[in-house]
Amino acid sequence: MILEVQDLSYQFPNGFRALNSVSFSVEAGELLVISGKNGSGKTVLLRCLKGLYRPRQGTISLNQESFGLVFQDAESQIVGQTVEKDIAFGLENLRLPRKEITLRVREAMKTLDLLDHAHQRPRSLSGGEKRRLTIAGVLVMNPDIIALDEPFANLDYPGVLQVLEKILLLKEQGHTILLVTHELEKVLSHADRLMLLDKGSIAALGPPEAVREQAPSCGVYIPRGMPVEEMSWLKE
Ligand SMILES: Nc1ncnc2c1ncn2[C@@H]1O[C@H](COP(=O)(O)OP(=O)(O)OP(=O)(O)O)[C@@H](O)[C@H]1O
Ligand SMILES: [Mg+2]
9 MILEVQDLSY QFPNGFRALN SVSFSVEAGE LLVISGKNGS GKTVLLRCLK
59 GLYRPRQGTI SLNQESFGLV FQDAESQIVG QTVEKDIAFG LENLRLPRKE
109 ITLRVREAMK TLDLLDHAHQ RPRSLSGGEK RRLTIAGVLV MNPDIIALDE
159 PFANLDYPGV LQVLEKILLL KEQGHTILLV THELEKVLSH ADRLMLLDKG
209 SIAALGPPEA VREQAPSCGV YIPRGMPVEE MSWLKE
């Protein structure tokens, strides 16, 4: 297991319990889709895994250094003065040789189609471009586990395809993917398992075909009658 969570609960200072005794594990190389309605605890869960929130109850076993999180709110993840510098930021903190940094940043920009924006100020990027920038910034660190919080938000059709292709490539390369989304019809056919969160608890977790029935009662739309294998925006 690359990730194991046991009996994890998280309570905010105001007393609100956002996660309620959550237990699950993830195998290396798995693509786990996590869904649930607004406020069900998806982002809080990812933030606990990343170590941004410190839960008082439960255990999380994973290598946090090798856990990359692409934030739901792209703005809050952008730190650099230019696209290129922003992507380089994490690598610079590792004090890698300049040459290697340049190479890896170029590669990440190429993958996320950002080369034309290399010297642009991140604040001036479009919503979709910002989203691709934050993905590039995580990708460049080459984490074993990559968690993406609503990666399709703000993206147009080609943007969704691009990001989806990239995610699947990462999986092919052996990365473990945690993908938080409401938009099951875009991606579910590629998922190994689907987790449904409801009011901070795991309402269902298993192969998509076995869990899909429970989606509506968790407030998640899933096209009725559509076979899981057709739930992808990538048509092979
Ligand atoms: N700092 C905070 N203090 C109190 N409650 C909070 C705080 N941050 C988040 N919450 C609450 O925790 C719950 C879970 O939030 P979370 O962001 O994980 O939802 P989500 O499932 O990611 O929803 P969405 O689909 O809208 O992104 C929400 O009800 C939210 O209002
Ligand atoms: Mg969220």
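In terms of my numbering, the sequence shown opens at residue 9 and continues consecutively. Even glycine gets a Cβ: it sits at the ideal position worked out from N, Cα and C.
Shortest alpha-carbon distance to Ser-74 belongs to which of Leu-57, Arg-62 and Thr-67?
Leu-57
Gly-145 - containing alpha helix (DSSP H), residue span
135–147
Taking 7 angstroms as the cut-off, is the beta-carbon of Val-52 closer than that to any non-hydrogen atom of ligand 1?
yes
Tell me, please, whether the segment 84–94 touches the segment 136–149 by the rule of three or more beta-carbon pairs shorter than 8 angstroms.
The segment 84–94, when compared against the segment 136–149, does touch it at the 8 angstroms Cβ threshold.
Use the C-beta contact count for Pro-105: other C-beta atoms within 10 angstroms, 16 or more gives buried, fewer gives exposed.
Looking at its Cβ environment, which holds fewer than 16 other Cβ atoms inside 10 Å, Pro-105 is exposed.
Is there contact between the segment 117–131 and the segment 193–208, where contact requires at least three CB pairs shorter than 8 angstroms?
Segments in contact, no.
Would you say Ile-210 and Val-30 are within 8 angstroms of each other, going by their C-beta atoms?
yes
Taking buried to mean at least 16 other C-beta atoms within 10 Å of its own C-beta, is Gln-72 buried or exposed?
Flag for Gln-72 reads exposed.
Skipping 5 residues on each side, what residues in its chain have a beta carbon closer than 8 angstroms to that of Asp-164?
Gly-136
Quick check on DSSP: helix, strand or coil for Phe-24?
coil
Buried or exposed: Ala-26, going by 16 or more other Cβ atoms within 10 Å of its Cβ?
buried
Just list the residues that DSSP pairs Gln-14 with in beta bridges.
Thr-67
If you drop the 5 nearest sequence neighbours on each side, which residues of the same chain put their C-beta closer than 8 angstroms to that of Leu-70?
Ile-10, Leu-11, Glu-12, Leu-57 and Ile-153
Indicate whether Met-230 and Leu-39 have their beta-carbon atoms separated by less than 8 angstroms.
A small fix is needed here, since residue 230 is Ile in this sequence, not Met. No. Outside cutoff.
Any Cβ of chain D within less than 8 angstroms of the Cβ of Pro-215?
The chain inventory of the structure shown lacks chain D, comprising one protein chain alone.
Between Asp-81, Leu-77, Ala-126 and Val-228, which lies nearest to Ala-96 when the distance is taken from Cα to Cα?
Ala-126
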